[in-house]
Amino acid sequence: MSGLNITVKKMTEEILARHPAKAGLGLRFGDMSIDFQTNDPALVDELAEYFQGFVTEPDGRADVSVTALESPELKIPTALTVKPPDPGKTKVKEEYVDCPDGRIVRKRLTGMVFLFGGPTNLAAGPCRANSNQIVNFINSRLIQWDLDHGALLAHAAAVSLRERGLALAGFSGMGKSTLALHLMSHGLDFVSNDRLLIKRLDGKAVIRGVPKLPRINPGTALNNPDLTSVIPEDDLDVFDRLDEDQIWGLEHKYDVYINQCFGPDRFRLEADLSALGILNWRRSNHPIMVRRIELKERLDLLAAVKKPPGLFFLPPTGEVEYRDQDYLDRLSDIPVFEITGGIDFTGAASACLERLSVL
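Take the sequence shown: its letters are residues 2 to 360, numbered as in this note's numbering.
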């Protein structure tokens with residue numbers, strides 16, 4: 002569906018005229034910066050806490066500008082196309098329209114509307130009640146920036162031992178973030194939770210994380226002493242009455258504030274890519290096995306590494322197809338390990354540490 006009669010620029014100007022921004026903050030993610038503006042100062046405070054460690058003073062010279070306006074639900078004067086649910090999902094969450102100068106996306110559940118394209122990046126609606134969607138929108142602009150500058154997007158968590166980065170991939174539910182947090186308890190730094198940008202600079206692969214806090218279930222928190230503080234006391238009392246299978250089956254999520262759980266300056270965000278581990282295990286009594294593989298011979302596992310950019314990515318010119326070969330070329334000189342057997346985060350953390358320390 003194409004919104005030929007409306008433009009992102011015109012709609013943005015109309016919204017800003019009714020709800021002008023009056024507060025903001027700067028964000029710096031390595032060599033990329035974002036200037037954030039809003040009409041709700043409380044939202045600035047909330048985002049400053051969420052992005053702690055990456056906040057700077059806005060200076061008007063940022064690479065990207067993002068505006069979030071608290072407002073009544075925005076009416077879009079054209080028909081929208083429904084985005085089909087992701088594989089394995091059934092609920093329709095988003096609908097969109099492409100305009101001559103960008104794209105408009107509406108979240109069905111919350112009524113939040115996002116306009117982006119060129120220099121315009123605007124969110125409108127009940128922003129503070131849906132601050133997680135503002136976080137995601139900001140991160141989508143970082144992803145757009147890096148993809149525009151030659152990065153590939155991977156479905157992976159990552160940690161680092163000084164300059165050496167370890168990416169952890171696997172199909173959804175394999176425990177990428179849980180293993181990354183176990184490795185942090187052994188002194189490694191956090192790089193990313195679920196999405197990872199892979200570039201090549203000066204002939205080597207480098208990674209940039211997406212600054213989104215891990216969201217963990219009770220089983221992950223209760224099995225790592227560094228994480229138990231994220232669970233409120235009332236919830237702990239409830240979990241004490243459940244057996245292990247019941248706890249691991251819970252879908253209640255908690256944000257992990259890295260600095261509070263592991264200490265200051267542990268969110269690194271960038272590192273050289275030294276190895277890639279792919280989780281391919283199952284809950285069983287079998288011991289874990291870690292073996293090196295050739296990714297070009299295991300395209301079934303490459304599917305767990307690739308991550309389509311999604312609805313919030315606009316290719317600069319036409320459609321961009323990220324092929325298997327693009328990922329194979331980007332990872333051609335990176336050791337890749339497959340982790341199989343039964344789920345054992347302690348054993349996997351030890352195996353990862355051993356391999357990372359000798360690379």
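Backbone N, C-alpha and C fix where the C-beta goes; we use that ideal spot for every residue, glycine too.
Does the distance from the CB of E96 to the CB of R104 come in under 8 Å? Taking the sequence shown and counting its residues from 1, one reaches residue 96 at position 95. Taking the sequence shown and counting its residues from 1, one reaches residue 104 at position 103. No, these two residues do not count as a Cβ contact at 8 Å.
List the endpoints of the continuous alpha helix (DSSP H) containing K200. Sequence index remark: in the sequence shown, residue 200 carries index 199 (1-based). K200 -> not in any alpha helix (DSSP H); beta strand (DSSP E) instead, spanning L197 to L202.
Burial state of V321, where buried means 16 or more other Cβ atoms lie within 10 Å: In the sequence shown, the residue the question calls residue 321 occupies position 320. The residue is exposed, with fewer than 16 neighbouring Cβ atoms inside 10 Å.
Buried or exposed for G395, going by 16 or more other Cβ atoms inside 10 Å? The structure shown has nothing for residue 395, since the chain only spans 2 to 360.
Between the Cα of D266 and the Cα atoms of R163, S351, R324 and R292, which residue gives the shortest distance? Locating residue 266 in the sequence shown gives position 265, counting from the first residue. Answer by Cα proximity: R163.
Classify G362: buried if its beta carbon has 16 or more other beta carbons within 10 angstroms, exposed otherwise. Because the chain in this structure spans residues 2 to 360, residue 362 falls outside the shown range and cannot be described.
DSSP three-state label for D266, please. The residue you call residue 266 lines up with position 265 of the sequence shown. The DSSP-derived three-state label of D266 is coil.
Check whether the region 107-124 and the region 148-159 touch, using three or more Cβ-Cβ pairs below 8 Å as the test. The region 107-124, when compared against the region 148-159, does not touch it at the 8 Å Cβ threshold.
Are A181 and L169 close, meaning C-beta to C-beta below 8 Å? As a first step, residue 181 is located in the sequence shown; it is residue number 180 there, counting from the start. As a first step, residue 169 is located in the sequence shown; it is residue number 168 there, counting from the start. A contact, by the Cβ cut-off of 8 Å.
On the premise that N218 lies in contact with H253, defined as a C-beta separation below 8 Å, what is that separation, rounded to the nearest angstrom? Along the sequence shown, one-based indexing puts residue 253 at 252. Along the sequence shown, one-based indexing puts residue 218 at 217. The Cβ separation is near 6 Å, so the contact holds.
Comparing C-alpha positions only, which one of G250, V257 and D238 sits nearest to S230? Looking up residue 230 in the sequence shown gives position 229. Taking only the C-alpha atoms, the option nearest S230 is V257.
In chain order, which continuous runs of the alpha helix (DSSP H) of length 4 or greater are located wholly inside the region 112-196? Qualifying alpha helix (DSSP H) stretches, in chain order: 132-149 and 177-185.
Contacting residues, own chain, Cβ-Cβ under 8 Å from L270 (five flanking each side not counted): Numbered from its first residue, the sequence shown carries residue 270 at position 269. Correct list, in chain order: F30, G31, F55, V192, S193, R209, G210 and P212.
By Cβ distance, which residues of its chain are closer than 6 Å to S3, with the 5 residues on each side in sequence left out? To locate residue 3, count along the sequence shown from 1; it is residue 2. For S3, the predicted model reports a pLDDT of 49, less than 50, meaning its position is unreliable; a value from the coordinates is still stated below. Setting aside the 5 residues that flank it on each side, S3 is surrounded in the same chain by D99, each with a C-beta closer than 6 Å to its C-beta; the list follows chain order.
What's the C-alpha gap between L243 and A350? Looking up residue 243 in the sequence shown gives position 242. Looking up residue 350 in the sequence shown gives position 349. The straight-line gap from Cα to Cα measures roughly 26 Å.
E295, DSSP secondary structure in three states: Position 294 of the sequence shown holds residue 295. Coil at E295, not helix or strand.
Nearest neighbour of N6, chosen from T57, L81 and E50 [CA to CA]: Position 5 of the sequence shown holds residue 6. Taking only the C-alpha atoms, the option nearest N6 is L81.
Check whether the region 288-300 touches the region 60-77, counting contact only when three or more Cβ pairs, one atom from each stretch, lie closer than 8 Å. Counting Cβ pairs under 8 Å, fewer than three are found: no touch.
Just to confirm, is the Cβ distance from V337 to L274 under 8 Å? For the purposes of this step, residue 337 is taken as the residue at position 336 of the sequence shown. For the purposes of this step, residue 274 is taken as the residue at position 273 of the sequence shown. Taking a C-beta distance under 8 Å as the contact criterion, V337 and L274 do not qualify as a contact pair.
Using 8 Å for Cβ pairs, my map puts V136 next to A125. What's the rounded Cβ distance? By 1-based counting over the sequence shown, the position of residue 136 is 135. By 1-based counting over the sequence shown, the position of residue 125 is 124. About 16 Å; that fails the 8 Å criterion.
Are there 16 or more other CB atoms within 10 angstroms of the CB of L70, so buried, or fewer, so exposed? Position 69 of the sequence shown, counted from the start, is the residue given in the question as residue 70. With 16 or more Cβ atoms within 10 Å of its Cβ, L70 is classed as buried.
Pick helix, strand or coil for S34, following the three-state DSSP scheme. By 1-based counting over the sequence shown, the position of residue 34 is 33. Strand.
With 8 Å set as the bound, which would you pick, yes or no: does the beta-carbon of V83 sit closer than that to a beta-carbon of chain C? In summary, chain C is missing from the structure at hand, where a single protein chain is found.
Comparing C-alpha positions only, which one of M185, A63 and V65 sits nearest to Q261? Stepping through the sequence shown from its first residue, residue 261 is reached at position 260. Of the candidates M185, A63 and V65, the one whose C-alpha sits nearest the C-alpha of Q261 is M185.
So what does E96 bridge to, in DSSP terms? By one-based count along the sequence shown, residue 96 stands at place 95. E96 is bridged to V83 and R107.
Outcome for P86 when other beta-carbon atoms lying within 10 angstroms are tallied against a minimum of 16: One-based indexing of the sequence shown puts residue 86 at position 85. Result: exposed.
Would you mind reading off the limits of the beta strand (DSSP E) that contains V9? Taking the first residue of the sequence shown as 1, we reach residue 9 at position 8. In the DSSP assignment, V9 falls outside any beta strand (DSSP E) and within the unbroken alpha helix (DSSP H) covering V9 to R19.
To the nearest angstrom, how far is the alpha carbon of I344 from that of V160? Stepping through the sequence shown from its first residue, residue 344 is reached at position 343. Stepping through the sequence shown from its first residue, residue 160 is reached at position 159. Annotation: I344 to V160 spans about 19 Å, alpha carbon to alpha carbon.
Just to check my reading of the structure: V65 and N133 have Cβ atoms closer than 8 Å, yes? What is that Cβ distance to the nearest angstrom? Taking the sequence shown and counting its residues from 1, the one referred to as residue 65 is at position 64. Taking the sequence shown and counting its residues from 1, the one referred to as residue 133 is at position 132. Going by Cβ atoms, the distance from V65 to N133 rounds to 20 Å, so no, they are not a contact pair.
Using 10 angstroms around the beta-carbon of K11, count the other beta-carbons present and answer buried if the total reaches 16, otherwise exposed. Working through the sequence shown from its first residue, we reach residue 11 at position 10. K11 comes out exposed.
Roughly how many angstroms lie between the CA atoms of K200 and D327, to the nearest whole one? The sequence position of residue 200 within the sequence shown is 199, counting from 1. The sequence position of residue 327 within the sequence shown is 326, counting from 1. Roughly 11 Å separates the two Cα atoms.
Distance between beta carbons of I35 and I139, contact taken as under 8 Å: Taking the first residue of the sequence shown as 1, we reach residue 139 at position 138. Taking the first residue of the sequence shown as 1, we reach residue 35 at position 34. At roughly 6 Å, the Cβ-Cβ gap stays under 8 Å, so I139 and I35 are in contact.
Where the beta strand (DSSP E) through V231 begins and ends: The residue labelled residue 231 in the question sits at position 230 within the sequence shown. No beta strand (DSSP E) holds V231; DSSP gives it neither H nor E.
Rounded C-alpha distance that separates I232 from K92: The residue given as residue 232 occupies position 231 in the sequence shown. The residue given as residue 92 occupies position 91 in the sequence shown. Taking the straight line from one Cα to the other gives about 28 Å.
From the DSSP output, in three-state form, read off S358 for me. Counting from 1 along the sequence shown, the entry for residue 358 is found at position 357. The three-state reading of DSSP puts S358 in helix, counting H, G and I together.
In the structure shown, what three-state DSSP assignment does E71 receive? One-based indexing of the sequence shown puts residue 71 at position 70. In this structure, DSSP gives E71 an extended state, which the three-state scheme calls strand.
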